[in-house]
Amino acid sequence: MRILYIAEIVGKIGVWAVKQGLPVLKKKYSPDLVVANGDGATGGRGLGRAHGAYLLKLGINVITGGDYIYSKRDMVASFSEFKRILPPCNLPEESPGSGFYVFSGERYPVPVVVVSLLGRSGNFRIYGDNPFNYFEKILPDLKKKGKIIFVDFHGGTSAEKETFFYAFDGKVSCIAGSHGRIQTSDNRVLKGGTGVICDSGRTGALDSVGGFDVENRIRSYKTMIPEWPCESLANPHVQGACFTVDDKTGGCVSVERFSMPAGDSKDFSGFPEK
296 MRILYIAEIV
306 GKIGVWAVKQ
316 GLPVLKKKYS
326 PDLVVANGDG
336 ATGGRGLGRA
346 HGAYLLKLGI
356 NVITGGDYIY
366 SKRDMVASFS
376 EFKRILPPCN
386 LPEESPGSGF
396 YVFSGERYPV
406 PVVVVSLLGR
416 SGNFRIYGDN
426 PFNYFEKILP
436 DLKKKGKIIF
446 VDFHGGTSAE
456 KETFFYAFDG
466 KVSCIAGSHG
476 RIQTSDNRVL
486 KGGTGVICDS
496 GRTGALDSVG
506 GFDVENRIRS
516 YKTMIPEWPC
526 ESLANPHVQG
536 ACFTVDDKTG
546 GCVSVERFSM
556 PAGDSKDFSG
566 FPEK
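In short: position in the sequence shown from 1, add 295, done, that's this note's numbering.
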């Protein structure tokens, strides 16, 4: 079983990079499942309905979220329609959407559970229940639903993500860290058989500050005058990792990270047509 994870999609250029790069990645890795974090797909902050629908149309099987998942009103009202767009599962029960999705049936004879989870350390827009205690509580039920469990842990610090890795080593198949938008080189399989990477990176402008325009960010830091960040289009890349899982044991065999150029931004002409 191969699970292709596309790191956080940032802005319109990130959506375009998925369109350009996903067919290439599918040809290279032949994934059984494609997971992507869409927390920054619309304007770098949040996921709008149109972008969510378009990313699923491009061939992403499930989209995970983070602290900006409720930033776009049209998406907030659409979670009942888009079952495969996942807000973090440890948000209040009253919050819309489900934090996990189960893939099963003829295509997935070994069921796969994809989980979106939000950390608590760092400067977040919203906060959920303690992810350690909450996930420990729901894990027995998740294991009944599928042998292979893939977790997107959206965390603000490497310390919290690394601690979560070791706390659940051997209890889940894969944990992909997100939110930092800077790819780390610590992709590995832990002793208990859980494949991890602290931060999978970002899909969008590589020559940027977290996907945003460099000059805009420099000016803001130098003057201390807040500016609304502008999306960068420079040097689009698709980043992420491919997790190979033993479908008999549910343990991860390997984690291969990638950072792939996704065309020339000169060819980008705005939001891709539906």
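Quick reminder that beta carbons are idealized off the backbone N, C-alpha and C, glycines included.
Minimum Cβ-Cβ distance from residue i to chain C less than 8 Å
i, result
"residue 324", "The structure shown contains no chain C, having only a single protein chain."
Sub-8 Å separation of residue i and residue j beta-carbons
i, j, result
"residue 535", "residue 349", "no"
"residue 447", "residue 296", "no"
"residue 385", "residue 342", "no"
"residue 605", "residue 458", "The structure shown does not extend to residue 605, since the chain is modelled only from 296 to 569, so the question has no answer here."
"residue 362", "residue 427", "no"
"residue 462", "residue 495", "no"
"residue 382", "residue 347", "no"
"residue 437", "residue 464", "no"
"residue 407", "residue 395", "no"
"residue 493", "residue 456", "yes"
"residue 379", "residue 351", "yes"
Alpha carbon of residue i to alpha carbon of residue j, nearest angstrom
i, j, result
"residue 500", "residue 528", "5 Å"
"residue 554", "residue 532", "6 Å"
"residue 510", "residue 560", "18 Å"
"residue 422", "residue 415", "6 Å"
"residue 326", "residue 340", "28 Å"
"residue 298", "residue 522", "38 Å"
"residue 515", "residue 526", "14 Å"
"residue 439", "residue 338", "38 Å"
"residue 530", "residue 369", "30 Å"
"residue 502", "residue 539", "30 Å"
"residue 323", "residue 433", "35 Å"
"residue 364", "residue 311", "20 Å"
"residue 513", "residue 520", "11 Å"
"residue 569", "residue 355", "In this prediction, residue 569 scores a pLDDT of 42, lower than 50, which makes its location untrustworthy; the coordinate-derived value is nonetheless stated afterwards. Going from the Cα of residue 569 to the Cα of residue 355 covers about 15 Å."
"residue 366", "residue 497", "19 Å"
Cβ-Cβ separation, residue j to residue i (assumed contact under 8 Å), whole Å
i, j, result
"residue 490", "residue 550", "4 Å"
"residue 306", "residue 441", "Actually they do not touch by this definition, with Cβ atoms about 33 Å apart."
"residue 488", "residue 547", "6 Å"
"residue 357", "residue 330", "5 Å"
"residue 336", "residue 316", "Their Cβ separation, rounded to whole angstroms, is 14 Å, which puts residue 336 and residue 316 out of contact at 8 Å."
"residue 443", "residue 545", "5 Å"
Residues sharing a beta bridge with residue i, DSSP
i, result
"residue 349", "Bridge partners of residue 349: none, in fact."
"residue 549", "539"
"residue 534", "554"
"residue 427", "In DSSP, residue 427 forms no bridge with anything."
"residue 303", "497"
- Message: What ranges does the beta strand (DSSP E) occupy inside the region 391-415, keeping only unbroken runs of at least 3 residues that lie completely in it?
- Response: 395-398 and 407-413
- Please go through the region 432-466 and give each complete beta strand (DSSP E) segment of 3 or more residues, from N-terminal end onward. 443-449
- 4-residue-minimum alpha helix (DSSP H) runs that sit fully inside the region 312-380, ordered along the chain: 344-352 and 368-371
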